[in-house]
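Undergrad: Residue numbers (the numbering used here): 138 to 503.
Heads up, the beta-carbon is just placed ideally off N, CA and C, and yes, glycines get one too.
Handing you this structure, nothing more for now.
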């Protein structure tokens, strides 16, 4: 075969998309005239096909999670009593309930599949997905299956649970001050717009007294917006000047001060109605943006510490066998086995003659 033919064949292979996840296939694996990018995606299709769950693909095209280079970790440590108590929400002789956080949830097909787990494992009684929190709550019979088997099942279909033994910490107190500021700014903005209608409609000078009353009411409504709702921008600008730096709040604060005091001068001196409708509207929409930003930060979960990225368990040599143990139970002198794509959970000495270490977790580089 010529070099041109090989190049054309390779280009055709890269254009083939995986039936499960939709990613380009560098190496095509065929099953029932369907192409898959890796054995992981192919295995998931076989599981779904065997349990008559292929409707998963009709709900959302290419809905599967890519499984290329995904390591199927062992969840045997979940069956230890001390670990199980921290993970399971309710446990009895014939009924248990557990909630897993699954970052891979992203579409309606994910919800449909995860809520039909009982068709794959009859020991699962019911499963319910919370899409906003990316969690799945599973009720199962502990006499017929193990907690580790359920976690392994989720991992095998591409929804590996992210397990954190400290996930039951006290919930953070929700700061509602931003909502209060937003509510006050919205209330004042709506009323200022209402009182500004005489100016919009062009009332003649015969109703000059009414216009003056509305202007003073607008000024009264703008005071809490300036000194409460929008004061964070002023405070931030003052801090930036003290640090001899300029942040993005400085021009915002300058605009708020200019609008408020110029409008106040116009109303007090009876030279005009001012621009308080623009002032209150600016603060209101700025706070809406800040609220959306705070909700985005909450969903990204930036409060995770470095320990949450370590594996919960690792294979430890005990006698002649390798058994999974929780990393908190490791002691100096223990011999552990690190598999591909796993993170080294403790200070260690390399025993093998050759190994490849990826420092991107430490340096932050790709």
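1. Can you tell me where the beta strand (DSSP E) with residue 476 in it begins and where it stops?
2. Does the structure place the stretch 376-390 close enough to the stretch 288-304 that three or more beta carbon pairs sit under 8 angstroms?
3. I believe residue 447 touches residue 464 by the beta-carbon criterion, under 8 angstroms. Please report the beta-carbon distance rounded to the nearest angstrom.
4. Could you tell me the distance, in whole angstroms, from the CA atom of residue 319 to the CA atom of residue 271?
5. Check whether the Cβ atoms of residue 278 and residue 289 lie closer than 8 angstroms to each other.
6. Return the chain-ordered ranges of every alpha helix (DSSP H) run that is complete within the stretch 384-415 and spans a minimum of 4 residues.
7. For the beta strand (DSSP E) containing residue 263, name the first residue and the last one.
8. Note down, in chain order, each residue of its chain lying with its Cβ closer than 6 angstroms to the Cβ of residue 371, except the 5 sequence neighbours on either side.
9. Is it true that the CB of residue 420 sits closer than 8 angstroms to the CB of residue 483?
10. Determine the burial state of residue 492: buried for a count of at least 16 other Cβ atoms within 10 Å of its Cβ, exposed for fewer.
11. Using the beta-carbon count (16 or more within 10 Å), is residue 191 buried or exposed?
12. Threshold first: 3 residues or longer. Then list the beta strand (DSSP E) segments lying entirely within the stretch 208-250, N to C.
13. What first and last residue would you give for the alpha helix (DSSP H) that runs through residue 336?
14. Looking at C-alpha atoms only, which residue of 470, 428, 475, 468 is the closest neighbour of residue 451?
15. Taking the C-alpha atoms as reference points, what is the distance between residue 273 and residue 172?
16. Which residues in the same chain have their Cβ closer than 6 angstroms to the Cβ of residue 276, if we skip the five residues on either side of it in sequence?
17. Just checking, does the stretch 324-331 make contact with the stretch 397-407 on the three C-beta pairs under 8 angstroms criterion?
18. By the three-class DSSP mapping on this structure, what secondary structure does residue 375 have?
19. Can you find a heavy atom of the ligand NAP that lies under 7 angstroms from the Cβ of residue 284?
20. So the candidates are 458, 501, 352; which of them puts its Cα closest to the Cα of residue 406?
21. Let's test the definition: count the other Cβ atoms within 10 Å of the Cβ of residue 242 and tell me whether it reaches 16, buried, or not, exposed.
22. Just to confirm my understanding: we take residue 238, look at its own chain, exclude 5 residues before and 5 after, and list those with CB closer than 7 angstroms. What are they?
23. Got a sec, what are the start and stop residues for the alpha helix (DSSP H) residue 358 sits in?
24. Measuring only the C-alpha atoms, how far is residue 225 from residue 359?
25. Among residues of its own chain, excluding the 5 on either side of residue 373, which ones have a beta-carbon nearer than 6 angstroms to its beta-carbon?
26. How far does the alpha helix (DSSP H) with residue 450 in it reach, from first residue to last?
27. Going by the beta-carbon positions, is the gap between residue 397 and residue 416 smaller than 8 angstroms?
28. Per DSSP, residue 380 forms a beta bridge with which residues?
29. Work out the CA separation of residue 162 and residue 152 for me, nearest whole Å.
30. Can you tell me which of 252, 424, 423, 214 puts its alpha carbon nearest to the alpha carbon of residue 459?
31. Can you name, in chain order, every residue of its own chain whose Cβ lies under 6 angstroms from the Cβ of residue 265, other than the five neighbours on each side?
TA: In this structure, then:
1. No beta strand (DSSP E) holds residue 476; DSSP gives it neither H nor E.
2. no
3. 6 angstroms
4. 28 angstroms
5. no
6. 386-405
7. Residue 263: member of the beta strand (DSSP E) spanning 261-267, first to last residue.
8. So the list reads 390, once near-sequence residues are dropped.
9. no
10. exposed
11. With fewer than 16 other Cβ atoms inside 10 Å of its own Cβ, residue 191 counts as exposed.
12. 225-228, 233-238
13. 334-338
14. 475
15. Between residue 273 and residue 172, the C-alpha separation is close to 29 angstroms.
16. 234, 262, 263
17. no
18. helix
19. The ligand content of the structure shown is nil, which means the ligand NAP is not present either.
20. 352
21. buried
22. Counting only Cβ-Cβ distances below 7 angstroms, and skipping sequence neighbours, we find 271, 272, 298, 299.
23. 345-361
24. 52 angstroms
25. 386
26. First-last for residue 450: 450-455, but that is the beta strand (DSSP E), not the alpha helix (DSSP H).
27. yes
28. Per DSSP, none; premise fails for residue 380.
29. 7 angstroms
30. Of all alpha-carbon atoms in 252, 424, 423, 214, the one lying nearest the alpha-carbon of residue 459 is that of 214.
31. 274
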